[in-house]
Structure formats: C-alpha cells, structure tokens
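For reference, the structure is listed below as structure tokens.
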Amino acid sequence: MPTTYLTELRRLPEAKSLRLVFDDGYTAELAYDTLRGYCPCAGCQGHWTEAIRYQPPPRPVEPATLAPVGNYGVSIHWSDGHATGIYRFDFLRRLAEEVSAHDEPPERIRTEEIPR
Ligand SMILES: [Zn+2]
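For reference, each letter of the sequence shown is one residue, going 113 to 228 in this note's numbering.
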C-alpha cells in the first residue's frame, strides 16, 4: 500500500510546471519537461529497472490530460502523444525530493523500494 498520497495536482501554465501537494503538506513544483523526462513506463525505462533514468524530451511538452489511477497514482497524457506513464504517488514524492535537492535533474532516481 502506498504511504504517500497526493492531495493536489495543478497545472501552472506560466511556469510550465505541475504543483504537487502531498497529504503531509509537502509541496513541490516539477517542470513538465522534467516529469516527462522521468516517465516511468516500461517503454521509456525497460523492465526490471531499479532506477528511473532521466531522458529529457527533445521538444517542450505539456500535460494534455491528468487522470487518477486507483488511489496510488496519476496517468499523464503528454502533448507529444505519450500516455503510458503511470506516476505513482510515492515515485512523485521521491522525484520531487530528489529534483529539489539538486541544481540539475539527477541522471537516475533509485526506485528499489517502489513497486511498479
Ligand atoms: Zn514512458
């Protein structure tokens, strides 16, 4: 069971970012391109990976639609047509903390504790 829940997900069109608010009050803003670059789907990452690689999109993207997946994640349909990534809340939390701790997006986000 996920221990982290996302309570708010909001587009910030001028910042080209999504604002994420978690149930413990932790708040972060992640750029659209950053989120797209860490798409966790098997097509982007391959199977059985213990880390999510950062693969920045060649052109800027925007989230066309955001849809909840169960009570554990959100599906993002990107403007480049890619829609298979399910961003689990616990992954989003890890991503937000890792990205905010670095000047540049880390090359990899370890995910060994996160079932995918
Ligand atoms: Zn993907």
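In this text, a Cβ means the ideal position worked out from N, Cα and C, and glycines have one as well.
- Using a Cβ distance threshold of 8 Å, Ala176 and His189 count as a contacting pair.
- Inclusion of Cys156 and Gly193 in the CB contact set at 8 Å is not warranted, their separation being larger than that value.
- The set of residues with any CB-heavy atom separation to ligand 1 below 6 Å comprises, in chain order, Cys151, Cys153, Gly155, Cys156, His194, Thr196 and Gly197.
- Rounded to whole angstroms, the Cβ separation of Ala140 and Leu147 is 11 Å, and the two are not in contact under 8 Å.
- Rounded to whole angstroms, the Cβ separation of Leu118 and Phe201 is 5 Å, and the two are in contact under 8 Å.
- Taken through DSSP and simplified to helix, strand or coil, Arg123 comes out as strand.
- Secondary structure at Ala213: coil, using DSSP grouped into helix, strand and coil.
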